[in-house]
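Going down the list, the protein sequences come from chains A, B, C and D.
According to our numbering, the first sequence is numbered sequentially starting from 17.
According to our numbering, the second sequence is numbered sequentially starting from 17.
According to our numbering, the third sequence is numbered sequentially starting from 17.
According to our numbering, the fourth sequence is numbered sequentially starting from 17.
Below: the structure, in structure tokens.
4 protein chains.
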Amino acid sequence: MLSEMGRAAAADLQTWGDACERQPAMLLQFDGWGNRVDEVVYPGAWRQLGAVAARSGLVGLPYETETAGRAGADARLLQAALCYLFAPSTATYLCPVAMTDGAARVLTDAGGVGQSREVLRHLISRDPGEAWTSGQWMTERQGGSDVGQNAVVAKRDGDRWRLFGQKFFCSNIGCEVALALARPEGAPAGTRGLALFLVPRDGPDGRRNHYRIDRLKDKLGTRAMATGEVTLEGAQAELVGDADRGFAQMTAMLNITRLHNAITAAATMRRALMLATGYAAQREAFGRRLEQHPLHAEVLREMAAEADGALYFTMRECFGGQGYMEDTGLPRLLRDAQVLPIWEGTTSVLALDVLRVLRKHDALDAVGAELERLDAPERDCALELAG
Amino acid sequence: MLSEMGRAAAADLQTWGDACERQPAMLLQFDGWGNRVDEVVYPGAWRQLGAVAARSGLVGLPYETETAGRAGADARLLQAALCYLFAPSTATYLCPVAMTDGAARVLTDAGGVGQSREVLRHLISRDPGEAWTSGQWMTERQGGSDVGQNAVVAKRDGDRWRLFGQKFFCSNIGCEVALALARPEGAPAGTRGLALFLVPRDGPDGRRNHYRIDRLKDKLGTRAMATGEVTLEGAQAELVGDADRGFAQMTAMLNITRLHNAITAAATMRRALMLATGYAAQREAFGRRLEQHPLHAEVLREMAAEADGALYFTMRECFGGQGYMEDTGLPRLLRDAQVLPIWEGTTSVLALDVLRVLRKHDALDAVGAELERLDAPERDCALELAG
Amino acid sequence: MLSEMGRAAAADLQTWGDACERQPAMLLQFDGWGNRVDEVVYPGAWRQLGAVAARSGLVGLPYETETAGRAGADARLLQAALCYLFAPSTATYLCPVAMTDGAARVLTDAGGVGQSREVLRHLISRDPGEAWTSGQWMTERQGGSDVGQNAVVAKRDGDRWRLFGQKFFCSNIGCEVALALARPEGAPAGTRGLALFLVPRDGPDGRRNHYRIDRLKDKLGTRAMATGEVTLEGAQAELVGDADRGFAQMTAMLNITRLHNAITAAATMRRALMLATGYAAQREAFGRRLEQHPLHAEVLREMAAEADGALYFTMRECFGGQGYMEDTGLPRLLRDAQVLPIWEGTTSVLALDVLRVLRKHDALDAVGAELERLDAPERDCALELAG
Amino acid sequence: MLSEMGRAAAADLQTWGDACERQPAMLLQFDGWGNRVDEVVYPGAWRQLGAVAARSGLVGLPYETETAGRAGADARLLQAALCYLFAPSTATYLCPVAMTDGAARVLTDAGGVGQSREVLRHLISRDPGEAWTSGQWMTERQGGSDVGQNAVVAKRDGDRWRLFGQKFFCSNIGCEVALALARPEGAPAGTRGLALFLVPRDGPDGRRNHYRIDRLKDKLGTRAMATGEVTLEGAQAELVGDADRGFAQMTAMLNITRLHNAITAAATMRRALMLATGYAAQREAFGRRLEQHPLHAEVLREMAAEADGALYFTMRECFGGQGYMEDTGLPRLLRDAQVLPIWEGTTSVLALDVLRVLRKHDALDAVGAELERLDAPERDCALELAG
């Protein structure tokens with residue numbers, strides 16, 4: 017299973033990922049006759065990446081295990097290994113995988129009823145014809161990471177809800193379903209008043225739900241993975257779990273996506289290291305191969321040891337001017353890696369989050385003690401990694 | 017003069033720079049009837065940037081002063097200040113300025129005769145209709161920074177020369193003239209055998225010189241500034257200075273371009289800091305402005321103090337997800353900054369170069385003593401800057 | 017004056033027209049921070065074409081003459097000659113000229129008061145910094161040429177009006193002002209209930225008027241001249257002339273634009289003929305020059321005599337496969353010529369319009385008699401031209 | 017079989033054809049490390065169209081029948097019907113089909129030996145993994161249709177040949193094999209001295225043959241089907257048939273491709289008519305549906321009866337301004353149809369060719385007599401069709 021994914025990563029996945037980079041998704045807002053359609057048009061290769069992801073169970077694996085009544089930890093490990101192999105070749109398709117995994121987690125934990133149960137079935141399906149991906153519509157323009165400022169409102173409409181307002185960073189915008197934070201009318205301000213809603217792209221009658229995709233964002237990297245800005249104009253939605261637990265549910269989702277994010281960072285570093293090492297073993301300059309120059313060998317050793325923050329800086333160096341050329345594939349690694357430190361909140365936000373958790377569990381002292389036991393170099397490295 | 021440039025930087029220069037980024041130069045290899053033409057087609061805005069550069073004397077200033085018999089130091093200072101204001105808005109037009117300045121230096125020092133004298137007049141002209149820019153064709157595919165491996169050969173053709181071979185990184189490829197390293201037939205291997213030649217784009221009869229532009233490079237950044245790969249097929253050339261001083265002359269040119277590179281790095285950092293500071297003064301999150309958050313204020317303070325290596329990492333953080341969007345202009349700063357550490361040789365090459373110079377002048381001990389006199393934090397900073 | 021325009025047509029105008037074709041205008045709907053701006057971004061060359069048009073009085077000429085109290089006929093002739101020279105090189109910039117001329121006609125005839133007088137001054141100005149162009153927002157999606165079906169409504173707002181609804185073909189969408197057909201609340205159905213309104217792009221406070229540009233149309237030709245779809249959301253507007261004369265005023269405008277259209281068609285034919293003749297005089301095939309082949313010479317003769325309907329078909333033939341290549345410039349002539357038969361109504365609409373006018377003036381018999389007096393070949397040609 | 021193709025034409029074929037139009041093939045001349053590769057990169061959808069063409073036997077059908085010892089006429093009829101259904105949706109993929117059919121004809125008639133036999137097997141294969149397509153490299157820059165002026169030379173190299181020179185219109189440039197006209201050293205001038213050669217893209221060792229693709233042509237239409245300019249630099253080639261029969265063999269190929277060309281023209285007309293009729297049945301203007309307006313109904317009737325020369329002119333009219341918009345798909349029909357009258361020689365060349373054949377068979381009088389027997393209107397139509 018892993019070796020199969022490894023072989024694919026060096027063959028079809030790479031081909032399809034390259035094709036997606038060459039032709040990013042485009043937004044078709046109107047058809048030829050002037051009707052608003054808001055269709056995200058992906059290249060065929062994007063669908064093929066999705067088919068491999070589905071068949072390999074990149075999302076489904078842990079849920080299948082849970083359903084079978086066993087602990088999910090082993091399944092998560094296998095999933096992580098598969099994603100580690102899948103990620104570097106596949107034009108950030110791991111982003112839809114991560115968000116879909118997060119959505120499946122929340123829907124599972126909420127004990128999905130009604131529409132949720134059916135949606136969950138699609139999210140974890142291994143059948144490419146049945147598999148859906150999910151988006152996560154959390155932040156808004158005015159507040160960004162500070163979702164307590166969120167202004168999207170949910171209004172009752174019989175036994176369902178309708179959402180109104182704008183969402184500003186909607187990754188994987190071609191998704192069949194999205195989880196969205198919104199504030200029910202009358203709910204308090206701040207994060208306490210936020211609820212989580214399921215927003216399907218299409219209604220039961222096959223017509224589009226009531227939201228507009230205002231534009232695709234023109235991003236530095238992750239260009240194959242379309243991100244949109246959305247205006248909700250009375251979009252039909254279903255409440256997920258309790259109405260006052262939206263923020264807590266969002267945090268649960270983020271824990272899943274942060275996991276995938278870390279896997280992607282590690283996999284990208286590994287890929288960059290492999291490329292740099294391979295180049296250094298072939299390229300000759302000043303009378304010997306790059307890897308035989310003590311200074312360069314030192315760079316490679318550091319690169320293998322350093323955290324992802326140092327990835328792109330070091331990588332560029334190992335290739336000289338070539339690392340700057342699009343057709344080597346290196347610029348793409350650099351561009352796409354830029355997003356990792358901000359996808360789950362800025363580093364400041366994440367650092368405060370870590371402190372909050374440690375305090376909550378009275379764990380600060382324990383961490384301090386553990387650091388004391390380390391040798392000085394190890395401690396420096398750990399502190400540096402901790403930000 | 018400086019305040020005029022400052023005003024332009026916030027007005028026309030920015031507009032033209034943006035236009036150049038939107039429509040990078042393209043290479044027209046054939047005309048409509050199948051004839052090879054190899055014309056680099058720039059947007060009108062690129063020509064307008066060039067006109068401002070010429071009229072402001074961005075290249076010419078030091079040479080005018082020298083010609084007037086005075087020391088060039090003050091002129092270099094004024095030039096640096098003008099470039100510092102010009103650089104961040106102008107789509108890396110400072111790269112042609114830097115290379116032209118380097119070429120003017122070498123031609124001046126070589127005491128230009130014949131064609132060289134006429135070319136020099138164009139390079140330092142303040143008349144946009146007369147002003148030319150120069151390229152520098154140094155490195156080749158097989159050796160890169162290790163120019164001692166260079167294989168381009170120069171053959172005698174009466175009292176002139178003809179060049180044959182390939183040059184792999186030809187920045188500012190639309191230049192009217194280039195300085196190229198080549199090895200005269202019979203010259204020894206290594207850097208000792210390299211000579212410097214002047215290669216005009218057009219012959220005296222107005223016809224193109226005998227070289228082909230194989231393609232424009234598809235780069236991570238500096239996209240408005242076209243870089244090409246060139247095949248010399250008997251291009252007419254004129255020897256500059258002594259035939260065995262090519263490498264020394266190249267070093268002299270690099271000293272000039274490194275100066276401009278440092279100015280660009282500093283100016284880009286300043287621009288990024290201004291943007292980050294302005295954003296932090298307006299953007300509210302978690303109940304107060306970004307600049308009022310101690311952690312963020314600390315980031316801004318570090319940013320103001322840190323060297324350019326830290327520029328893009330920090331910058332990204334200050335803007336959250338917005339810093340990742342093309343239309344904020346921040347990704348362009350990031351992309352273009354990537355090239356600075358490699359334009360004049362990789363960091364390893366530069367570090368060795370510094371050591372070489374220090375040793376040559378027996379200056380290592382003096383530097384060590386100076387470092388000793390510094391406070392510990394200052395010393396750390398200086399060592400870090402030193403790589 | 018004419019010779020000056022002739023020289024420009026072969027020099028700068030051609031260069032700028034080519035630049036506009038290479039980089040069509042783009043629509044910027046949002047700025048980098050998510051604010052709706054709906055700005056049409058043109059290449060610099062488009063502005064330069066506009067400057068020449070203004071300075072040459074392509075719009076202003078007839079109105080200056082009228083203002084001076086003289087008959088406009090001579091000025092119209094000079095204007096036509098200038099446009100004939102200007103049109104083929106200038107990337108359909110004559111379309112904005114034509115629409116601006118039509119708007120100036122209507123505003124002049126309506127005896128402009130208030131805002132209209134000031135707008136008129138801009139439309140006919142020869143100062144590029146002052147000159148504006150106008151759009152004409154007539155047709156709507158549901159009715160097309162059948163403007164009697166128009167649904168855009170005008171509501172009173174104090175002494176001004178506000179417009180609501182959609183306009184589907186808005187040529188020259190970057191215009192500073194547009195003339196729009198709308199139906200005042202309470203006005204009858206059909207063309208009788210239509211009024212003409214002046215819609216400025218910017219309000220007196222410099223803020224954008226209340227309309228959205230939904231998209232730029234992706235057209236077969238005339239690609240440099242941006243055409244948009246517009247949603248009016250309470251756009252401020254000023255009534256032009258009497259409220260029940262909107263349709264009659266539109267007809268007056270169409271008479272002006274049809275004139276320009278005919279000039280463009282004739283000029284394009286002439287340009288194509290020149291290219292075909294020049295090619296035939298140089299290109300050799302089957303032992304002699306193309307022009308020496310009787311069959312081809314016949315084609316050229318017919319081409320010189322035929323109406324514009326035959327233009328592109330014949331032209332293609334004269335160049336063989338080369339006429340199909342973008343970089344010869346011929347495909348652009350073909351593409352842009354496609355629009356001429358529909359810009360002022362389809363051929364059917366125009367034919368019925370001619371019959372209507374002839375009937376109104378009891379002139380059908382006179383035309384019949386005139387045709388009788390012609391020789392047979394002339395008559396055939398006239399009838400063919402008449403459709 | 018036909019109904020299956022009909023269903024596909026309205027479903028997958030249309031989707032893939034649209035995808036190919038959105039992302040035309042691109043030429044990758046160098047890999048990331050500067051090595052010349054000249055790879056034509058097609059979108060995945062292009063390969064899928066090719067797979068359907070192969071599996072349906074669009075090329076293979078007649079040859080399978082012949083191999084089975086039966087007359088090919090019925091197979092040709094079935095093939096024509098399949099192509100008629102396949103053509104309008106498939107982004108001019110019928111062009112590779114036509115050229116491959118022509119190549120298969122010539123190789124079959126030449127009684128292929130050696131490499132030819134193996135190539136033929138690939139050209140008519142129904143297995144998408146085995147199927148190849150062929151190009152036809154006939155014309156050159158200096159002579160165009162007048163191939164007697166051709167200058168590409170074939171030099172003996174042991175028992176094989178090597179070709180040198182330039183070919184200017186190489187449709188389907190991504191082909192695995194091409195048939196090329198070249199003049200063996202010592203052969204006479206004019207068409208008599210031309211021989212036909214088989215030029216494989218890859219050698220037996222898997223390395224590219226010795227020719228360069230100088231560029232892809234930027235065409236008015238048929239944009240999904242890449243056409244290139246080729247420089248032969250000693251490309252290995254195999255003689256097909258007798259060395260003095262090149263021109264005759266080319267004519268045999270043209271007969272096949274003209275057949276496909278006529279099918280495409282008819283199919284495109286039919287598609288345009290269907291679209292125009294469907295639109296006229298829905299669109300209301302001036303109080304009734306378009307089809308109920310006598311003048312428009314007359315246009316539709318003429319359109320159904322007229323030859324393909326009138327196709328695009330009439331079509332445009334039926335749709336008013338909408339026919340000019342890219343996203344209706346109509347402009348593509350127009351653009352692609354432009355090429356049909358020139359693909360097999362200009363109309364003049366074809367007309368002379370018809371006369372030549374009629375004279376050769378003393379058939380001019382018979383044709384005259386047949387025309388006499390027709391009613392006047394039929395005769396006019398026949399003469400018009402005859403050009």
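All residues carry an ideal CB built from backbone N, CA and C; glycine is no exception.
Cβ-Cβ separation, residue j to residue i (assumed contact under 8 Å), whole Å
i: Y100/D; j: A69/D; result: The pair is not a contact, with the Cβ atoms about 14 Å apart (cut-off 8 Å).
i: A288/B; j: R121/B; result: Not quite, the Cβ-Cβ distance comes to about 30 Å (not below 8 Å), so this is no contact.
i: S187/B; j: T243/B; result: 5 Å
i: A259/C; j: A211/C; result: 4 Å
Exposed unless 16 or more other CB atoms sit within 10 angstroms - verdict on residue i
i: A323/B; result: With a pLDDT of 38 at A323/B, under the threshold of 50, the modelled position of that residue is not reliable, and the figure given next carries that caveat. Burial call: exposed.
i: L18/C; result: exposed
i: K235/B; result: buried
i: V75/B; result: buried
i: T280/A; result: buried
i: T116/D; result: buried
i: A26/B; result: exposed
Listed by chain order, chain B residues near residue i by CB distance under 8 Å
i: F102/D; result: Those within 8 Å of F102/D in chain B number zero; the least Cβ separation is about 33 Å.
Per-residue contacts from residue i into chain D (C-beta, under 7 Å)
i: F302/C; result: D162
Closer than 9 Å at the beta carbon, the chain B residues around residue i
i: Q408/D; result: Lying outside 17 to 403, the shown extent of chain D, residue 408/D is not represented and no answer is given.
Range covered by the beta strand (DSSP E) that runs through residue i
i: C186/C; result: 176–186
i: Y79/C; result: Unbroken run through Y79/C is the alpha helix (DSSP H), 77–83; no beta strand (DSSP E).
i: G151/C; result: 150–153
i: A70/D; result: Segment 60–71 is the alpha helix (DSSP H) holding A70/D; no beta strand (DSSP E) there.
i: E249/B; result: 243–256
i: E333/C; result: Taken as a continuous stretch (DSSP letters only), E333/C belongs to no beta strand (DSSP E), being part of the alpha helix (DSSP H) at 327–335.
i: I211/B; result: The question names Ile, but residue 211/B in the sequence shown is Ala. Taken as a continuous stretch (DSSP letters only), the beta strand (DSSP E) holding A211/B covers 211–216.
Host alpha helix (DSSP H) of residue i (start-end)
i: A288/B; result: 262–298
i: A24/D; result: 18–25
i: G33/B; result: 28–38
i: T124/D; result: 110–125
i: L139/D; result: 131–139
Per-residue contacts from residue i into chain A (C-beta, under 7 Å)
i: G159/B; result: A301
Amino acids of chain C, ordered along the chain, whose beta-carbon sits closer than 7 Å to that of residue i
i: R231/A; result: Q45, F46
Interface residues of chain C facing residue i [CB-CB closer than 8 Å]
i: F184/A; result: G50
Neighbour list for residue i in chain C, Cβ cutoff strictly below 9 Å
i: A61/B; result: P59, G60
Looking at chain C, which residues of the segment 22–45 of chain B have a Cβ within less than 7 Å of any of its Cβ atoms? Listed in sequence order: A35, Q39.
Positions along the segment 239–253 of chain A whose CB lies within less than 9 Å of some CB in chain C: Of all residues in the segment 239–253 of chain A, the ones placed with a Cβ closer than 9 Å to any Cβ belonging to chain C are E245, in chain order.
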